[in-house]
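Protein chains in written order, with this note's numbering: chain R, 1 to 298; chain P, 1001 to 1453.
Glycine included, C-beta positions come from ideal geometry on N, C-alpha and C.
Every value quoted in this text rests on a predicted model; they were computed, and no experiment measured them.
Take a look at the structure below.
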Amino acid sequence: MMRCRKCATRLNLDFGVNFQAKIYVELVWTRAMMPVASHLMIHAIAMLEIKNLHARVEDKEILRGINLSVNAGEVHAIMGPNGSGKSTLASVIAGKSGYEVTEGSVEINGKDLLDLAPEERAAAGVFLAFQYPVEIPGVTNTYFLRAALNNVRKNRGEPELSMTEFMKHIKSKVQLMEMDNSLLSRSVNEGFSGGEKKRNEIFQMAVLEPTLAILDETDSGLDIDALKTVANGVNTLRSTDRAIVVVTHYQRLLNYIVPDFVHILMDGRIVKSGGKELALELEERGYGFIEEELAAKA
Amino acid sequence: MIDLKSGNHSLVENFELMKGLLATYGPDSFQVLRDRAFRNFSEFGIPTTKDEEFKYLSLRALEEGHFKPAYGATIDRFQVEQTIVGQVDAITVTFVNGEHAPELSSAHILPAGVFIGSIKDGLAVYEDKIVQHIGEIASLKNKLGTSNDERFVHLNTAYLSEGAFIYIPEGVSLERPIHLLFLTSANHGPLVSHPRTLIVLEENSDAKVLETYLGLDGVYFTNAVTEVSVGPNAILEHTKFQQEQADSVHIANISVNQAENSIYTSNNINFGGKIARNDVNVWLDGEHTETWLNGTSVGLGHQAIDNHTRIDHAKPNCNSFEVYKAILGGHAIGVFNGKIFVYEDAQKTDAKQTNQALLLSRTATINTKPQLEIFADDVKCTHGATVGQLREESVFYLQSRGIPKAEAEALLVYAFAAEVLLKITIPGVREILEKVLFEKLSTTQELPEFVET
């Protein structure tokens, strides 16, 4: 039995009955290695590959050359002071209008994202948990989620779910997020508290099962209990075929969603990357020490 | 004003043609009503935009059109069943081009005393009730207001013939909804019909009525009047669904008298027609009544949809709630005029009026005018009018979850209308309206034109 060094997935090598027969060895060896090879291919192409991304809002350049590579199974945290471009990065990946990409590329599983409409990005597996979820009066949460899920399924070539099948599908996710059932029949986010809105975002993520989830300041406005519930939901969704990018100002959320990598974004660039300990260092010393480091280098 | 006496307008000429036939319907008092109404209409003629009540609605199509009287058209049952409302489970009375079509109506065993059919047939049973109410409820005589305009009611009354009649006697609660279906087929040239409806609910009765105006083909003019008497403690849910043909003119007056402790709900849904005008007038004739006026209209292309409502708070302690929504795209024109009169005696009146418009294009127009005239000093009256567009952040939110842009926009438009559609409780009707709404929105290219950032 083998395990992938990167993500610890078990890779089965099935040599079958003919292993002893010398004449077949070459052929059988190749066949047996197929799942391993294809698994390694996934790692060879990063799930999210951002190269030299420049983006502006009107005349103001906000992203000034972002490079970031996120593999399946990894959780990356992007931290930075206010105005550093964190939310812009999240919005550009999700395809929000009002941002002009002037240079660079964003790819998901080797596919160019920037030419796709937001709904096509969702179909490609991108999910953005909004910093400020939008209220949609008149559309119930259930109707909205089913329409979303069925569109995503259609794009994956899977059959649409009937109302009964849909309710079955979401039952465990409702429990996972400790959602009050009444929230399902209410209009999307309308009159939800700050915590309920954020919980609803992660609930949507659980239902839609994206391959790349970007959480934009999901911790803002949450009390400690809600934070734990939300973090628990996200942790449950961690898997070897899913990448999660957590955008946050504070280290607090990272106590609960422990990242594999931490990147520090300042002035539209990633200025420092490291492991989870970088977040702790940042918490202790503030963003000032990075600035000093940068100044010393210059 | 257009002088009809000098020109020979078809709406006047028809009267001479049909006089003999009309005289065969109803008692002599009907003839008196008809003659008086005809004189009134001929005197004032078709309104123009110089008339206060028609300031934003051009009726040139009526002025320039030539409309034949309608009679003799037949439609087979299969064709009716194939229409969007063909499967509504209700006690159905069908009219084709204004004429009663018993062969297209449904037969039901009704509780004793209940009458659902034509005015002509109803006269045999309830002549006193019909004579008492007809022409009276729709009259603005002795009511407040300086610019009252009743000429289309007069035009309708001049041609008073078969009509629809619903009578619910004291204490009867009718579970099954009633469907008055007015079909128009004008494939032999422009025609005019004047549907007349009288609905009488006696004390402690309860009913649900759906009035559908559905165009099948051709160009035509429908001029409808519906008079409603809601007795003491009675409850009526009254939904009107207008889906006329694209080049037709629909003018309708719904006039209601409410007795003490009654509850009346009007759901006024307008999707069709080139020109659609509704006057919904409610006279509160007893204390402790509750009135709900809900309206949704969708106008695209060059449609003009004009809703005038008036509530006469003539007695104290009455509540009225009004929500009118308009969705307008293309070059459509919407008009809302909401009058609330609070009479001197009507203390403790609580009236709330809301009017909201959603504009889908830069070239769509809404003219909105709340008009509150209050002569009592201890009342609560509020009104609010908003005009808006689809919000870009809402569209993006839905898109980011995988919902295509066009579907997201249609969903948001539907959500805007939903508040009103949700008020309709007749089984299956809301689903029909949703379907018509989505189809109407999906056939237009106008949606993405105008989104608020």
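From the DSSP output, in three-state form, read off R/ILE108 for me.
strand
Thinking just about the alpha-carbon of each residue, which of P/ILE1134, P/SER1173, P/THR1197 and P/HIS1308 is nearest to the one in P/GLU1099?
P/THR1197
CB contact flag (P/ILE1497, P/ASP1206, <7 angstroms):
There is simply no residue 1497 of chain P to check, as chain P begins at 1001 and stops at 1453 in what is shown.
Buried or exposed for R/ILE224, going by 16 or more other Cβ atoms inside 10 Å?
exposed
If we ignore side chains and look at the alpha-carbon of each, how far apart do R/ASN200 and R/VAL152 end up?
18 angstroms
Could you have a look at P/LEU1372 and say whether DSSP puts it in helix, strand or coil?
strand
Positions along the region 1407-1434 of chain P whose CB lies within less than 9 angstroms of some CB in chain R:
GLU1407, ALA1408, LEU1411, LEU1412, TYR1414, ALA1415, PHE1416, ALA1417, ALA1418, GLU1419 and LEU1422
Residue interval of the alpha helix (DSSP H) (run including R/GLY194)
194-208
Pick from P/TRP1292, P/THR1365 and P/SER1400 that is closest to P/ASP1350, judged by C-alpha positions:
P/TRP1292
What are the complete beta strand (DSSP E) segments, minimum 3 residues, inside the region 61-106 of chain R?
75-79
Report the CB separation of P/ALA1061 from P/LYS1274 in whole angstroms; it is logged as a contact under 8 angstroms.
7 angstroms
How would you list, in chain order, the residues of chain R whose beta-carbon sits under 7 angstroms from the beta-carbon of P/TYR1264?
By Cβ distance, chain R contributes nothing, its closest Cβ being about 25 angstroms from P/TYR1264, past 7 angstroms.
N-terminal and C-terminal residue of the beta strand (DSSP E) that P/ARG1277 is part of:
1275-1284
At which residues does the beta strand (DSSP E) containing P/ALA1224 begin and terminate?
1206-1230
Could you round the C-beta distance between P/ILE1075 and P/VAL1096 to whole angstroms and report it? I think they count as a contact, below 8 angstroms.
5 angstroms
Between the Cα of R/GLN175 and the Cα atoms of R/GLU100, R/PRO159 and R/ASN232, which residue gives the shortest distance?
R/ASN232
Mind listing which residues of the region 96-111 of chain R have their C-beta closer than 9 angstroms to chain P's C-betas, in chain order?
LYS96, SER97 and GLY98
Which ranges does the alpha helix (DSSP H) cover as unbroken runs of at least 4 residues, wholly within the region 1066-1148 of chain P, from first to last along the chain?
1077-1082 and 1119-1133
Name the residues in the region 1303-1319 of chain P whose C-beta lies less than 7 angstroms from a C-beta of chain R; which are they?
none
Secondary structure of P/VAL1413, DSSP reduced to three states
helix
Quick check: what's the CA-CA separation for R/GLU190 versus R/ILE136?
6 angstroms
Contacts of R/GLU349 in chain P (Cβ-Cβ under 9 angstroms)
A query on residue 349 of chain R cannot be resolved here, the shown segment of chain R reaching from 1 to 298 and no further.
Nearest chain C C-beta to P/GLU1081 closer than 7 angstroms, yes or no?
This model lacks chain C altogether; the protein chains it does include are R and P.
If you follow the beta strand (DSSP E) that P/ASP1247 is part of, which residue opens it and which one closes it?
Counting along the chain, P/ASP1247 falls outside any beta strand (DSSP E), and DSSP gives it neither H nor E.
Start and end residues, alpha helix (DSSP H) containing P/ASP1378
Counting along the chain, P/ASP1378 falls outside any alpha helix (DSSP H), and DSSP gives it neither H nor E.
Within 7 angstroms (strictly less), CB to CB, does P/SER1139 reach chain R?
no
Tell me which same chain residues have a C-beta within less than 8 angstroms of the C-beta of R/LEU149, skipping the five on either side of it?
LEU161, PHE166, HIS169, VAL207 and LEU208
Any beta-carbon of chain R closer than 7 angstroms to the one on P/GLY1402?
yes
Any 3 or more C-beta pairs closer than 8 angstroms across the region 1026-1033 of chain P and the region 276-290 of chain R
no
Span of the beta strand (DSSP E) around P/ARG1176:
First-last for P/ARG1176: undefined, no H or E at that position.
Per-residue DSSP class, three states only, for P/HIS1331
coil
Reducing DSSP to helix, strand and coil, say where P/ALA1406 ends up.
helix
Using a Cβ cut-off of 9 angstroms, which residues of the region 124-135 of chain R contact any Cβ in chain P, in chain order?
VAL126, PHE127, LEU128, PHE130, TYR132, PRO133, VAL134 and GLU135
I'd like to know whether the C-beta of P/PHE1396 is nearer than 7 angstroms to at least one C-beta of chain R.
yes
Would you mind reading off the limits of the alpha helix (DSSP H) that contains P/GLU1016?
1010-1022
Residues that P/LYS1405 contacts on chain R, provided the C-beta gap is smaller than 9 angstroms:
ALA117, PRO118 and GLU119
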